[in-house]
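What follows is a single structure, written as structure tokens, with notes after it.
In the working numbering, the protein residues as written are 58 to 667.
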């Protein structure tokens, strides 16, 4: 007879058999991809043609820059409101609201191209169109992690987030490619309105939620945006699923800062591409291709790496961030020397590396933020808020750093390139292991299962990874620890905490940062023995199982139902008990001990029961 983990749970808790994936999830994903692509065009559409627009409408370059800035400015309050709208109306109706703003912005913007209008009137209408476009963008962008969580299981969630997450940058790339190729600035704005009108009906393909959730986390009610604010201020009680420790709050603050600066610099470069490159002799077309290279190469890289993060590098998201950030920073710094006349080859190479590294990092960072906060909507909204905030800061700062007419070449942006290179070099140090004490950034500097949150809720546990060391000195001697590790991971030296009841106790929660809902309500219940026959009662009782349960590793303790597998032979029931979910070292120690039941009856060691 052997003890085996049962995949089911007690009544009232969803089991793996109750989860289901629907093919229609891909229809909604494709719809959100197209909506996000088109939504991303408005931010950078005027960047490659800034000089032509300024000449056609008699505007200054700083006024043209505000066509991009206004999208970022209005995005800030909008992305805070979107999680509230989503919580009250759901994904589908939220997208309907975004679609109304979407198509309205397109034709108000085109109305500003009428030649009968004054330059001020044209500028005002185009600005209003850009403002409405900025309001619509977060309706499709902020909801990406929520849609992935609602419709996809663990094996496809990062890939789904990647596909939808990079669709907005793809829109940036296409906007930079299309705007200088379709004629005059007025014709270019008409083409953008037609594109918006063509894609808007895709909103009707977005589903709200599947009839049966794909995972346990998807079946739970989404935490509110306010709960993230309370958690960051330390106001959530420790038993709430959204509670964050001080360590996690610092981790999320670091991600908020680094993500905002990295994405903000990419957005600023996309808006200012022509102003950065044209003083050195590069045309509008080359400027557009240069910005598009970042995003198109990044698309290919992200498509290759996202499945790897889903299946191979699931437990190394933070390590990937630490490895890629220095490469990205080095590339941006190298632009100080690379932007010069007749240097097109190295510039395209640098843009390709920046794109490959940045867009690979984008979905990884979004997923890592969800793991730390356990709040998909709130964390996504805050990260995109950060990116748009820093986009505004960089565009305004770099515009102010533009050289004068007496410079060589005139109006060059070399001081701005130096500024962004230095800023990103300082920023990437936040992700290096030596920049902060490891106890401050444990969830970033540890490679121990950053996806544990979803594993802990959905039951997709690895067999031999992310399992804390056994904390039972009376059974086996604890393995030696590396004294250099000081943060609270399962591999750090920490004092033994006696078990307070199966399956978990406070020591487990110090490293389990996941979606473990209602843990306090279920962890102290007795083990349920299924397949129990009268002949097996002397072998394993519920009382004995409850005494054994606190001693295996934490993730092994979690199942509350044990299935008893037994066989009959000519002698009757075989009494060979082997808990096959435990390791051999624990079994060896257990077989050397006599186990006493609560009633005081002594049973033979397991190895002697045959």
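Where a beta carbon is used, it is the ideal one built from N, C-alpha and C, also for glycine.
Which listed residue (602, 158 and 206) has its alpha carbon closest to that of residue 433
On the chain shown, position 376 is the one that residue 433 refers to. Of 602, 158 and 206, the residue nearest in Cα terms is 206.
Relative to the C-alpha of residue 106, which residue among 302, 173 and 327 is closest?
Looking up residue 106 in the chain shown gives position 49. If we check each option's Cα against that of residue 106, 327 comes out closest.
What is the C-beta distance between residue 179 and residue 186, in whole angstroms, given that I count them as a contact (C-beta under 8 angstroms)?
Indexing the chain shown from 1 puts residue 179 at position 122. Indexing the chain shown from 1 puts residue 186 at position 129. Not a contact, Cβ separation roughly 11 angstroms.
Residues of its chain near residue 218, where Cβ-Cβ distance is below 7 angstroms and the 5 sequence neighbours each way are ignored
Along the chain shown, read from residue 1 onward, the residue named residue 218 stands at position 161. Answer for residue 218: 201, 202, 205, 420, 423 and 424, listed in chain order.
Using three-state DSSP, classify residue 330 as helix, strand or coil.
Numbered from its first residue, the chain shown carries residue 330 at position 273. In the three-state reduction of the DSSP assignment, residue 330 falls in the helix class, which pools H, G and I.
Specify the secondary structure class of residue 618 as computed by DSSP and reduced to three states.
Reading the chain shown from its first residue, position 561 is the one you call residue 618. If DSSP states are grouped into helix, strand and coil, residue 618 belongs with the strands.
C-beta atoms of residue 317 and residue 447 nearer than 7 angstroms:
Counting from one through the chain shown, the residue named residue 317 turns up at place 260. Counting from one through the chain shown, the residue named residue 447 turns up at place 390. Yes. Within cutoff.
Under the three-state DSSP convention, the category residue 470 falls into
Here the question's residue 470 lines up with position 413 in the chain shown. In this structure, residue 470 counts as coil in the three-state DSSP scheme.
Reduced DSSP secondary structure (H/G/I, E/B, other) of residue 586
Position 529 of the chain shown, counting from 1, holds the residue named residue 586. Reduced to three states, the DSSP call for residue 586 is strand.
Answer with buried or exposed for residue 194, where buried requires no fewer than 16 other C-beta atoms within 10 angstroms of its C-beta.
Residue 194 sits at position 137 when you count from the first residue of the chain shown. Counting every other CB atom within 10 Å of its CB across the protein chains shown gives residue 194 a total of 16 or more, marking it as buried.
Thinking C-beta only, is residue 222 closer than 7 angstroms to residue 94?
Residue 94 sits at position 37 when you count from the first residue of the chain shown. Residue 222 sits at position 165 when you count from the first residue of the chain shown. Contact flag unset, no.
Could you have a look at residue 269 and say whether DSSP puts it in helix, strand or coil?
Position 212 of the chain shown holds residue 269. In the three-state scheme derived from DSSP, where H, G and I count as helix and E and B as strand, residue 269 is classed as coil.
Residues near residue 257 in its chain [Cβ-Cβ closer than 6 angstroms; skip 5 each side]:
The residue labelled residue 257 in the question sits at position 200 within the chain shown. Here the set comprises 156, 159 and 160.
Is the CB-CB distance between residue 233 and residue 338 below 7 angstroms?
Walking along the chain shown from the start, residue 233 turns up at place 176. Walking along the chain shown from the start, residue 338 turns up at place 281. No.
Give the single residue among 356, 91, 102 and 243 whose Cα lies nearest to the Cα of residue 152.
As a working note, residue 152 is residue 95 in the chain shown. When only C-alpha atoms are compared, the closest one is 91.
Please tell me whether residue 445 and residue 133 are closer than 7 angstroms, where the distance is taken between their beta carbons.
Sequence index remark: in the chain shown, residue 445 carries index 388 (1-based). Sequence index remark: in the chain shown, residue 133 carries index 76 (1-based). In this structure, residue 445 places its C-beta atom within 7 angstroms of the C-beta atom of residue 133.
So the alpha helix (DSSP H) residue 184 belongs to, where does it begin and stop?
Counted from its first residue, the chain shown places residue 184 at position 127. Element bounds for residue 184: 176-198.
Can you give the Cα-Cα distance for residue 110 and residue 464, rounded to whole angstroms?
Translated into positions along the chain shown, residue 110 becomes position 53. Translated into positions along the chain shown, residue 464 becomes position 407. Rounded to the nearest whole angstrom, the CA to CA distance from residue 110 to residue 464 is 24 angstroms.
Check whether the stretch 319-335 touches the stretch 344-364, taking contact to mean three or more Cβ pairs, one atom from each stretch, closer than 8 angstroms.
Three or more beta-carbon pairs separated by less than 8 angstroms link the stretch 319-335 to the stretch 344-364, which places the two stretches in contact.
Whole angstroms is fine: what's the gap from residue 296's alpha carbon to residue 376's?
The residue given as residue 296 occupies position 239 in the chain shown. The residue given as residue 376 occupies position 319 in the chain shown. Cα to Cα, the separation comes out at about 29 angstroms.
What is the rounded straight-line gap between the Cα of residue 310 and the Cα of residue 288?
As a position in the chain shown, residue 310 is number 253, starting the count at 1. As a position in the chain shown, residue 288 is number 231, starting the count at 1. Approximately 12 angstroms between the Cα atoms of the pair.
Return the CA-CA distance between residue 414 and residue 177, expressed in angstroms with no decimal places.
Counted from its first residue, the chain shown places residue 414 at position 357. Counted from its first residue, the chain shown places residue 177 at position 120. Whole-angstrom Cα-Cα distance: 41 angstroms.
Simplified DSSP state of residue 501, which is helix, strand or coil
Position 444 of the chain shown, counted from the start, is the residue given in the question as residue 501. Only weak support exists for where residue 501 lies, its pLDDT of 40 falling under 50; the value from the coordinates is given anyway. Look at residue 501 here: in three-state DSSP terms it is helix.
Nearest-angstrom Cβ-Cβ length linking residue 478 and residue 392, presumed shorter than 8 angstroms:
Start at 1 with the first residue of the chain shown, and residue 478 comes out as number 421. Start at 1 with the first residue of the chain shown, and residue 392 comes out as number 335. Residue 392 and residue 478 do touch by the CB rule: their CB atoms are close to 6 angstroms apart, below 8 angstroms.
Where residue 244 falls, given that 16 or more other Cβ within 10 Å makes a residue buried
Here residue 244 refers to the residue found at position 187 when the chain shown is read from its first residue. Exposed, because fewer than 16 other Cβ atoms sit within 10 Å of the Cβ of residue 244.
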